[in-house]
Each structure stands twice: as C-alpha cells, then as structure tokens.
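Here the structure is laid out as structure tokens; the discussion comes afterwards.
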Amino acid sequence: MLWAQQFDKFVWLDSNPETLGKNQNYSNFDSVLAIGLEQELRCNYKNAFNQLKEFQTKTNDYIFGYLGYDLKNNIEKLQSVNLDNLGFSDLYFFQPKKIFFFKDNLLEIRYLSGYLNEIEKDLEAINSQDEMLDTPKNLEQHDVKIRKRITKKQYFKKLNNILEHIHRGNIYEVNFCQEFYSKNTTIDPLQVYQKLNAISTPPFASFLKIDHQFLLSASPERFVKKQGIQIISQPIKGTAKRLINSIDDKRNASLLEQDLKERAENIMIVDLVRNDLSKTAIKGSVQVEELCKVYSFKQVHQLISTVVSKVEKETNPVDIIESLFPMGSMTGAPKISAMKIIEQEEETKRGLYSGAVGYFTPENDFDFNVVIRSILYNKKQKYISFSVGSAITVKSNPKSEYQECLLKAIAMKKALKS
Numbered sequence: 462m463l464w465a466q467q468f469d470k471f472v473w474l475d476s477n478p479e480t481l482g483k484n485q486n487y488s489n490f491d492s493v494l495a496i497g498l499e500q501e502l503r504c505n506y507k508n509a510f511n512q513l514k515e516f517q518t519k520t521n522d523y524i525f526g527y528l529g530y531d532l533k534n535n536i537e538k539l540q541s542v543n544l545d546n547l548g549f550s551d552l553y554f555f556q557p558k559k560i561f562f563f564k565d566n567l568l569e570i571r572y573l574s575g576y577l578n579e580i581e582k583d584l585e586a587i588n589s590q591d592e593m594l595d596t597p598k599n600l601e602q603h604d605v606k607i608r609k610r611i612t613k614k615q616y617f618k619k620l621n622n623i624l625e626h627i628h629r630g631n632i633y634e635v636n637f638c639q640e641f642y643s644k645n646t647t648i649d650p651l652q653v654y655q656k657l658n659a660i661s662t663p664p665f666a667s668f669l670k671i672d673h674q675f676l677l678s679a680s681p682e683r684f685v686k687k688q689g690i691q692i693i694s695q696p697i698k699g700t701a702k703r704l705i706n707s708i709d710d711k712r713n714a715s716l717l718e719q720d721l722k723e724r725a726e727n728i729m730i731v732d733l734v735r736n737d738l739s740k741t742a743i744k745g746s747v748q749v750e751e752l753c754k755v756y757s758f759k760q761v762h763q764l765i766s767t768v769v770s771k772v773e774k775e776t777n778p779v780d781i782i783e784s785l786f787p788m789g790s791m792t793g794a795p796k797i798s799a800m801k802i803i804e805q806e807e808e809t810k811r812g813l814y815s816g817a818v819g820y821f822t823p824e825n826d827f828d829f830n831v832v833i834r835s836i837l838y839n840k841k842q843k844y845i846s847f848s849v850g851s852a853i854t855v856k857s858n859p860k861s862e863y864q865e866c867l868l869k870a871i872a873m874k875k876a877l878k879s
C-alpha cells in the first residue's frame, strides 16, 4: 500500500482474516487494492441513485466508492444543515485502471486492457518498496489534540430530549452520535490507518484516498452484500467491553448476549432490516440467519444479526441499496422519524460517517461496509474528525450511553497518539 500513495485516488479494503477469522462466511477476498482513475462519478444527493445506476450500468466493470449518509435526502424529504468541516461529496465512485485481489496467499491482478503493458513495471516498483503492509517506522507522529463537539452536559440534555420523543411514542430507537475533532492538524494517513487497523483488526477495514480527503476505517459491520440473487445484511447493535482476564471476558460476552436492553436494540433493527429487504425480495425469502450472536473483536464484544433474502435476477443492484439506505443500525426505528431527530439533535453533518464504502462487480454483485469506528481527514483543511454513537431506547441510561460512546472512541484516540 506504500506504493499506492502516489495515486490521487485509490481504495484498500481489508477483511483481516489472519487475525480475526470470524464473520468471513461471505468474503470474496482477504483484501483488495484498486488504484488509478479511468472514470468517476461525484455528486451531491440530488438524483444521486439514478446517476449511480447509470454510471454502474454504463461502466459494466468493477467500480469502488462510497455512499454518504446524507443521500437520505434523495430518498425522503429530509435535509442536512449541520456543520460540515470535511467537505466530502455525498456520493463518489470510480472505475480503477488497476486492481489487486489478495486471497489465501494468492494474488490476482486485473488491469484494464490499455494498461496491461504496465504490469511488469508496477510489480518491480512494488517489490522495490518496503512490504506493502509494513508499518512505516521513520515517520514522526505527534499527538493529536482531540476536542468534543458536544460537552458532557449538552450530551445529557440532548439525550433527555430524545427520551422525551420515545416516551411520547414518536420513536422507538434512535442512533445518536457525537463528533470528536481536531483543527489545524496534519497527520500521515497511512501510518494512522495501519495503527487503527492493528488496534482493531476488523473484518471491514478500509483506507480511501480521494485527492486531499481520506477515510481511515476500522469498521466491524457489513451493511449489505449481493452474491448472485442472495442479499446479506449484518446489523450490529449491542456493545460490551473486552476484559483482560479471560474468565471475566467470557462472562462479559455472556452477559451481553443475555442483556434484554441490548437484545431489544438489535431486534428492533433486525425488524427494520427485514422490512427494508422485503421491498426488493422474492416473496417469502427474507430470513433471519443469525439473531443477536456475540462476535468478539479486540476492543469490544458486539451483538450481530444476519438477515438474508433473495431477489429476482433482473433486479437492479442500485435499487436494492437504495431500498435499504441509510442502514437501520445507524438511524433507528421508525427510520424517517429517527433521521429527523438525528438532524435536530446532532451538531455535525454526518457526511461519509455512517455511510458505506464498497464496490460493485461486473456481475452486478456488491459488498458495502458501514462507516463506523473511522477517522475522516481533510488534508487541505487540516481537519480530523471521528464520530461515535449508541442506540437510545426507552431503557437507556444516559450515563451508560455516554460511557459506551467513550469506549467506542478509544481505538481512534489511540491511533492518533504518537
């Protein structure tokens, strides 16, 4: 990946199979590097999904990119007027000139026909670099001074506002997020990403560079995958801290699995996902494959459910994504009411955070993560941002929700320290 830094646009997706070994039932590769710009689509939310449909159909090849959270405004009559210091487009995809697929110690190279004569030269250049995933050892990383966008006092006030909505029956669950940020700060994005990935080793990690804008993601969550006619969504809801003592750690995982509040959070989102999947599914094909299963990551235990469906072969892949977007795990239920409350109570435009990064294949398949546990960086503005949140329900304790946010922020804070 060091070699890829010379390109203005590239994406690295990593499932970390060698360290995690879980949640990999539906993975097509261990990692992939897509570089070089052949053509691109960059737009705001207006008519975005139709533009993506046209671009994906016309290209008929691998395209990589992201869906920003604020595409919600294309789907429903909503708006996004909160502060935005990052400036990511609402949607971005590109057709790469060169793709490297890594799977089981094998490398598959896929170049567009006009660049096949560059393979040998590129491999020589890559071999002359340090090994692709070695952490750079000579780069000095200074501590980044992190600030909270919302004070603790403000957080509790906003949470009580949300709880009032719940008690009045306006909403059942809201995913409420807060931003941590740093101004006038310069970092080495690759170094920070490698530290973040090493801290968390998640199954849906990604490093995205679009000119001066970067995503450094250690996401544990899949949004949605299409494999033939099968659709797979794996929402996360429910979090518990990892503990050093193995006996205590197992007990904590067991307590999470049995926690009625955490299970209720997850089940509400599973119901929402089932409903969203049914919009494009063959009748009777929506099934819950796993319900509230504990998956253990380096930092936290998580409750993950797997919901699947089948679609007709001719169903457009972009229509499937649009019917599910934004993902229920990052909004709440009912979804539209939740998104209105999120816009009202949060201070920052979500942008790429709680959106999705992934790819489409020439066969009309796709796979996208959920952009959480991620650092966003605008190099030109010298602005760093990461956000964390939790699901608020009628049983929520404001102090516990605040602590859950701080727990989720640990990995990003560690990655930004020297």
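If you read the sequence shown in the numbering used here, its first letter stands for residue 462, the second for the next number, and so on.
Every residue, glycine too, gets a C-beta built ideally from N, C-alpha and C.
Residue i in three-state terms, based on DSSP
i: A794; result: strand
i: Y633; result: coil
i: D522; result: coil
i: P663; result: coil
i: H673; result: coil
i: I607; result: coil
i: N839; result: strand
i: E585; result: helix
i: G819; result: strand
i: Q512; result: helix
i: K470; result: strand
i: P597; result: Residue confidence is low: P597 scores 47 on pLDDT, short of 50, so the model does not pin down where it sits. Its coordinate-derived value is still stated next. Of the three classes helix, strand and coil, the one that applies to P597 here is coil, per DSSP.
i: Y402; result: No statement about residue 402 is possible, as the shown extent of the chain runs from 462 to 879 and does not include it.
i: D732; result: helix
i: W570; result: Here residue 570 turns out to be Ile, not Trp, going by the sequence shown. Strand.
i: I705; result: coil
i: K564; result: strand
i: Y642; result: strand
i: R683; result: strand
i: G812; result: coil
Own chain residues within Cβ distance below 7 Å of residue i, not counting five before or after
i: P787; result: Y530, K533 and S815
i: D595; result: Residue placement at D595 is poorly supported in this model, since its pLDDT is 49, which falls under 50; the coordinates are not used for a value here.
i: K702; result: N713, V761 and L868
i: V769; result: Q691, I692, I693, Q748 and E750
i: K878; result: D604
i: S643; result: V605, K606, I607, R608 and I845
i: N599; result: Because N599 sits at a pLDDT of 48, beneath the cut-off of 50, its placement in the model cannot be relied upon, and the following sentence gives the value as read from the coordinates. Excluding sequence neighbours, N599 sits near nothing in its chain.
i: D551; result: C504, N505, Y506, A509, G529, D531 and L532
i: D710; result: R703 and L704
Outcome for residue i when other beta-carbon atoms lying within 10 angstroms are tallied against a minimum of 16
i: Q556; result: buried
i: G689; result: exposed
i: I845; result: buried
i: T612; result: exposed
i: L567; result: exposed
i: R811; result: buried
i: E723; result: buried
i: Y523; result: buried
i: Y820; result: buried
i: L544; result: exposed
i: T700; result: buried
i: I705; result: exposed
i: T518; result: exposed
i: I671; result: buried
i: G745; result: exposed
i: A586; result: exposed
i: V653; result: buried
i: K771; result: buried
i: R571; result: exposed
Whole-number beta carbon distance between residue j and residue i, since they are thought to touch under 8 Å
i: K619; j: E865; result: The pair is not a contact, with the Cβ atoms about 15 Å apart (cut-off 8 Å).
i: D828; j: K686; result: 4 Å
i: I607; j: K874; result: 6 Å
i: F641; j: P859; result: 19 Å between Cβ atoms; not a contact.
i: F554; j: E501; result: 7 Å
i: A876; j: L657; result: 4 Å
i: V818; j: S678; result: 7 Å
i: E726; j: E634; result: 6 Å
Contacts around residue i, its chain only, beta-carbon distance under 8 Å, and the 5 residues preceding and following it disregarded
i: I632; result: I623, H626, G793, A794, P795, S798, A799 and I802
i: H628; result: V855
i: F758; result: L481, S661, T662, P663, P681 and R703
i: L539; result: K533, I797, M800, K801 and E804
Beta-carbon contacts of residue i that lie in its chain and below 6 Å, excluding the five residues immediately before and after
i: N825; result: P778
i: S589; result: none
i: V472; result: A495, F525 and L669
i: L498; result: K470 and F555
i: K558; result: G497, E499, L573 and Y576
i: T767; result: Q695, E750 and E751
heavy atom of the ligand MG below 8 Å from residue i C-beta
i: E501; result: Judged by which ligands are present, the structure shown has none, so any question about the ligand MG falls away.
Closer than 9 Å to chain C by CB, residue i
i: G793; result: Absent here is chain C; the protein component of the structure consists of one chain.
Below 8 Å, how does it come out for the stretch 654–664 and the stretch 679–699: are there three or more Cβ pairs, yes or no? Contact between the stretch 654–664 and the stretch 679–699 is present, because at least three Cβ pairs lie under 8 Å.
Cβ contact check for the stretch 731–748 and the stretch 788–804: 3 or more pairs under 8 Å: The stretch 731–748 is in contact with the stretch 788–804.
Do the stretch 710–718 and the stretch 749–768 meet, that is, are 3 or more Cβ pairs less than 8 Å apart? The stretch 710–718 makes contact with the stretch 749–768, as at least three CB pairs between them are under 8 Å.
Would you call the stretch 835–850 in contact with the stretch 639–648, where contact means no fewer than 3 C-beta pairs closer than 8 Å? Taking 8 Å as the limit for Cβ pairs, the verdict is that the stretch 639–648 does touch the stretch 835–850.
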